[in-house]
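Below is one structure; the comments refer to it alone.
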Amino acid sequence: MAMTGALTESYELGPIRPPSEAYSLLIRVTRNCPWNRCKFCPIYKGTKFQLRSVEEVKRDIDTARAIHDKIEELARKSGRGDSIREVAAMVCSNAPNDACRNVALWMYAGGKHAFLQDANTLIMKTPDFVEVIKYLKETFPGIDRITSYARSKTAAQKSLDELVKLREAGLSRLHIGVESGCDPVLRFMDKGVTAADHIAGGKNIVASGISLCTYVMPGAGGKKMWREHALETARVLNEIDPDFIRLRTLTIQPRMLLHSDVVSGDFTRQTDEGIVAEIKLFVENLNCHSQIVSDHMMNLLPEVEGKLPEDKDKILAVIGRFQALPPEERDNYKLGRRLGIYDKLDELNDTYRHGEVDKVMARIGRDGEDVLDEVLFNLMERYV
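Position 271 (the sequence shown) corresponds to 271 in the numbering used here; numbering is contiguous.
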């Protein structure tokens, strides 16, 4: 589109954000991860953590504002001044760089949310972080939610007063990868925190009034420690009582440090059916008031969602429906889900989809459960 030629500005973006922040304005406050040793995470390996200066971040915020204003100007000049969303969509489809694409996508979605990158912005000195948040809100007064990633240990080291100041400045939510509440699992994965750190950091955030979104990793205990992983993670989250518990099923690929443990036999991957049993045990032992969310393709059963405690029976019923299926139907669903043919368990009743999966199953020509599991593991690697 010719009109995007006027957009020449750009600014620095980090590599990831949570799925729930897909339409958020992204501002990189720190670079990479200060820990960067987790065996299951390949994102920042080979990079060095850096704190960005307040001035540097402010310049990026100013650039984001300049891009925003140019998109508004393009809308006026094109005669679509009353339809910013339409022009933002066109810019997003033809953006000259990632920064322009992000701002356009954010404007298309209403321009209400912002996410501060990278892996642990909470490590920034509190006065500096407060200044960044306030400047962002001053520059974009329409933003009503500002979120970021953090680590439990960092949250535990901040005083409650510091966290309250961040909330008062405008920090709405923190996303923390708990992964597990089982100390042996945390040590094996080289997470760099303990269950006690998770509890201390999580309770600190909750007490401050900042919304807390935690991530749990079904499968992180492998076949050896799945039961302890489920029970101890439930115990830790019961202590914290976060606003959200998001499920992120462990997926392993060669670029992860964990892959070498799989090859050596030190870690045996849990199968889909084993992970379903693990999630069932986990949910059965949750006694908190959190919203369970299953919003990633890596999760076999996306219907495992609801508000605790009132939706616990509904969540367990979904798991029970899957486990009660005949083995061949469970296999059909597992393969179809990993191929992207099924979006949810109810679609197993769609005869066309079911038939398409049957065709693939016939081509695989599997002659045992282990063969199918290996196919499923390989398919899951696409989503990491």
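Built from N, CA and C at the ideal position, the CB exists for glycine as well.
DSSP three-state assignment for residue i, whether helix, strand or coil
i, result
"Y11", "coil"
"E303", "coil"
"V29", "coil"
"Y108", "helix"
"C213", "strand"
"F188", "helix"
"S83", "coil"
"P274", "For the record, residue 274 in the displayed sequence is Gly; it is not Pro. Reduced to three states, the DSSP call for G274 is helix."
"S148", "strand"
"Q50", "strand"
"L250", "coil"
"M1", "Note on M1: pLDDT 44, under 50, position unreliable in the model; no value is reported."
"I279", "helix"
"I143", "coil"
"F267", "coil"
"R382", "helix"
"E310", "coil"
"G181", "coil"
Spatial neighbours of residue i in its chain, beta-carbon cut-off 7 angstroms, leaving aside the 5 residues before and after
i, result
"G142", "G111 and K112"
"C288", "L237, N238, D241 and L308"
"G274", "K223 and W226"
"W106", "Y23, S24 and L25"
Same chain, Cβ closer than 6 angstroms to residue i, neighbours up to 5 away in sequence not counted
i, result
"T214", "I176, V178, P242 and I245"
"M1", "In this prediction, M1 has a pLDDT of 44, which is less than 50 and means its spatial position is unreliable; nothing more can be read from the coordinates."
"R85", "Y108"
"A195", "G181, D183 and V236"
"S152", "I176, V193, D197, H198 and G201"
Supposed contact pair residue j and residue i - C-beta distance, whole angstroms, cut 8 angstroms
i, j, result
"D358", "N378", "Not quite, the Cβ-Cβ distance comes to about 19 angstroms (not below 8 angstroms), so this is no contact."
"V29", "V57", "6 angstroms"
"K312", "V283", "6 angstroms"
"K39", "D261", "7 angstroms"
"E9", "I67", "5 angstroms"
"I210", "L163", "6 angstroms"
"C41", "N120", "In fact, because the Cβ distance is near 12 angstroms, the residues do not count as touching under 8 angstroms."
Contact set for residue i: own chain, Cβ-Cβ below 8 angstroms, skip 5 residues either direction
i, result
"G222", "F267, T268, R269 and Q270"
Inset, instruction - Would you list, in sequence order, the uninterrupted alpha helix (DSSP H) runs of no fewer than 4 residues that lie entirely inside the stretch 331-364? - result: 351-364
Legend entry - the stretch 121-139 in contact with the stretch 99-111 per 3-pair CB rule at 8 angstroms: no
Inset, instruction - Pair every Cβ in the stretch 222-235 with every Cβ in the stretch 180-193, then say whether three or more of these pairs are closer than 8 angstroms. - result: yes
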